[in-house]
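**Q** One structure, pasted below without further comment.
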Amino acid sequence: MKSFFDKLYSIYSASPKNKKELETVAMALSVKLNSIGRILGTKWVSSSVRSVMAVWNNYAALYQRFHESSLDIRRNGGDRAHYAGLKNELCDINFILNMGLMLDALIELEHLSKKLQDRQASLPDAHRLITLKYHIFQSMRNNSGEYYSQTQLAAEKFEFKGVKLQIGKVSKINQNEFFSKLSENLDSRMFTTRAAHKSLQDKENDPNKEKYDNLIKNLQIFDKLQWFADQDPCFGDNDIRQLAKTLNICEITTVQGFREYISTGDCNKTPNDLQPLRTAINTLIVSTAECERSFSTMNIILSSLRNSLLIKTVSSLMFISLVGPPITHFDPKDYVIKWFGKGYRDANFRNCDAPALKSINESEIFWKIF
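The sequence shown begins at 1 in full-length UniProt numbering and counts up one residue at a time.
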């Protein structure tokens, strides 16, 4: 599957001529052409979803294009054989089934990825989402998703989007094994307190995993659903003490603040004594999305045409772009006044000083000779 998409990417992303010919076929079939990129690479999973979805939507146009190119006598024998191989792979029943299976999995992973990229996502929310996706993949071992169900019906009819299917050489992905491995991989990537550069020797007796489980258990004390009407006055004290100790915050004042917090029952108002703990919890990162945003912003600012900026200038511009207000909420009045205060002119300044008279050059009497 990945090699097929790599071939498509090299054909239609590297050659404007091939892309133009594909657009012509798509227009004839009344199909909206989508860009085809690589899949299962280092980019966000959303790019893989868009690429597979592009082939799904442009399936008939791609088949028509490959069929015409394989019979085009203006091409050499190698090119015709190359397009014929792509056509045979595209109309293979197992390829269609694999594409539907892959699309169902990628859509679930895309949803998880976008949720983890949310700046408001907390550690308990991320843990709950990853656990949910783990159980979803376990369930999908025996339950077909939306797109895999469509490809199964197409395989029974030997036709997909008006294209006749055939039994070819493409190997079929085992549904049970695929989602089992996917769920196992997701489980192995669950959060832990172990540093990323340290290897894991014994997964079953990993002390960092136990620390993480205790951290999640302690964080659940802030879930209002676990509170009771007639609960003990010291409810949650041990969890709060453990959290305060882990995050290096004063235990005594934090416990008092939590008691006040649950006594009021107002989750939107945090006591001052509890605020340091809540702030520390909110700083626990759940993904590297912020780092990726920073690198993307830096690449936009420090382009090939602006590669001589000072590090301090780039840092300031990145700070404005990442955390600054949008243009609609930006009031430049104070900055403009400060600019004028330094003696600079505005863009509409017209009263320029008259140019100074040039001094008479003593050699001017000799100029007429030349």
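A virtual CB, placed ideally from N, CA and C, is assigned to each residue, including glycine.
Identify which residue in V255, I300, K181, M102 has its Cα closest to the Cα of L243.
**A** Along the sequence shown, one-based indexing puts residue 243 at 243. Looking at the Cα atoms, V255 is the closest of the given residues.
**Q** Leaving out five residues on either side along the sequence, give the residues of the same chain with a beta carbon under 7 Å from the beta carbon of I167.
**A** Taking the sequence shown and counting its residues from 1, one reaches residue 167 at position 167. Around I167: I93.
**Q** List the endpoints of the continuous alpha helix (DSSP H) containing M298.
**A** For the purposes of this step, residue 298 is taken as residue 298 along the sequence shown, with counting starting at 1. It spans 289 to 301 - the alpha helix (DSSP H) in which M298 sits, taken as one unbroken run.
**Q** How is the alpha helix (DSSP H) around D213 delimited, first residue to last?
**A** By 1-based counting over the sequence shown, the position of residue 213 is 213. Unbroken alpha helix (DSSP H) run through D213: 207 to 219.
**Q** Cα-Cα, which of D72, R119, I281 is closest to I240?
**A** If you number the sequence shown from 1, residue 240 lands on position 240. For I240, the nearest C-alpha among the options comes from I281.
**Q** Since T254 is in the alpha helix (DSSP H), which residue starts that stretch and which ends it?
**A** Start at 1 with the first residue of the sequence shown, and residue 254 comes out as number 254. T254 -> alpha helix (DSSP H) spans 251 to 264.
**Q** Taking all protein chains shown into account, do 16 or more other C-beta atoms lie within 10 angstroms of the C-beta of S183, making it buried, or fewer, making it exposed?
**A** Residue 183 sits at position 183 when you count from the first residue of the sequence shown. The residue in question, S183, is buried, as its Cβ has 16 or more Cβ neighbours within 10 Å.
**Q** So G324 is in the alpha helix (DSSP H); what residue range does that whole segment cover?
**A** Taking the sequence shown and counting its residues from 1, the one referred to as residue 324 is at position 324. DSSP places G324 outside any alpha helix (DSSP H), giving it a letter other than H or E.
**Q** Is it true that the CB of Y63 sits closer than 8 Å to the CB of V163?
**A** Counting from 1 along the sequence shown, the entry for residue 163 is found at position 163. Counting from 1 along the sequence shown, the entry for residue 63 is found at position 63. With a cutoff of 8 Å on beta-carbon distance, V163 and Y63 are scored as near each other.
**Q** Quick check on DSSP: helix, strand or coil for K169?
**A** Indexing the sequence shown from 1 puts residue 169 at position 169. In this structure, K169 counts as coil in the three-state DSSP scheme.
**Q** Short of 7 Å in beta carbon distance, which residues of its chain neighbour V25, apart from the five on each side in sequence? Order them along the chain.
**A** Here residue 25 refers to the residue found at position 25 when the sequence shown is read from its first residue. Residue placement at V25 is flagged as unreliable, the pLDDT there being 48, under the threshold of 50; the coordinate-derived value follows with that caveat. A61, Q64, R65.
**Q** Is it buried or exposed, residue 411, if we count other Cβ atoms within 10 angstroms and call 16 or more buried?
**A** The structure shown does not extend to residue 411, since the chain is modelled only from 1 to 370, so the question has no answer here.
**Q** Is E108 buried or exposed, if buried means 16 or more other CB atoms sit within 10 Å of its CB?
**A** Position 108 of the sequence shown, counted from the first residue, corresponds to residue 108. By the 10 Å Cβ count, E108 comes out buried.
**Q** Give me the Cα-Cα distance between G100 and F160, rounded to the nearest whole angstrom.
**A** Taking the sequence shown and counting its residues from 1, one reaches residue 100 at position 100. Taking the sequence shown and counting its residues from 1, one reaches residue 160 at position 160. So the two alpha carbons sit approximately 12 Å from each other.
**Q** Rounding to the nearest angstrom, what Cα-Cα distance links Y59 and F95 in this structure?
**A** Sequence index remark: in the sequence shown, residue 59 carries index 59 (1-based). Sequence index remark: in the sequence shown, residue 95 carries index 95 (1-based). So the two alpha carbons sit approximately 12 Å from each other.
**Q** Can you confirm whether the segment 104 to 122 touches the segment 136 to 154 when touching is taken to mean that 3 or more C-beta pairs between the two stretches lie within less than 8 Å?
**A** yes
**Q** Going by DSSP, which residues form a beta bridge with residue 372?
**A** Missing from the structure shown is residue 372; the chain here goes from 1 to 370 and no further.
**Q** Which residue marks the beginning of the alpha helix (DSSP H) containing N238, and which one marks its end?
**A** The count along the sequence shown starts at 1 and reaches residue 238 at position 238. Note, N238: alpha helix (DSSP H), 237 to 246.
**Q** According to DSSP, what are the bridge partners of E146?
**A** Stepping through the sequence shown from its first residue, residue 146 is reached at position 146. None; E146 has no bridge partner.
**Q** Give me whichever residues DSSP pairs with E159 in a beta bridge.
**A** Residue 159 sits at position 159 when you count from the first residue of the sequence shown. According to the DSSP secondary-structure assignment, E159 is paired through a beta bridge with K164.
**Q** Using only the alpha-carbon positions, how far apart do Y212 and N176 sit?
**A** Here residue 212 refers to the residue found at position 212 when the sequence shown is read from its first residue. Here residue 176 refers to the residue found at position 176 when the sequence shown is read from its first residue. Rounded to the nearest angstrom, the two C-alpha atoms are 30 Å apart.
**Q** Reducing DSSP to helix, strand and coil, say where T131 ends up.
**A** Start at 1 with the first residue of the sequence shown, and residue 131 comes out as number 131. Looking at T131 - three-state DSSP - the assignment turns out to be helix.
**Q** Would DSSP call I73 helix, strand or coil?
**A** Mapped onto the sequence shown, residue 73 falls at position 73. Looking at I73 - three-state DSSP - the assignment turns out to be coil, as it is neither helix nor strand.
**Q** Less than 8 Å separating the beta-carbons of A155 and L97?
**A** Position 155 of the sequence shown, counting from 1, holds the residue named residue 155. Position 97 of the sequence shown, counting from 1, holds the residue named residue 97. Going by C-beta atoms, A155 is nearer than 8 Å to L97.
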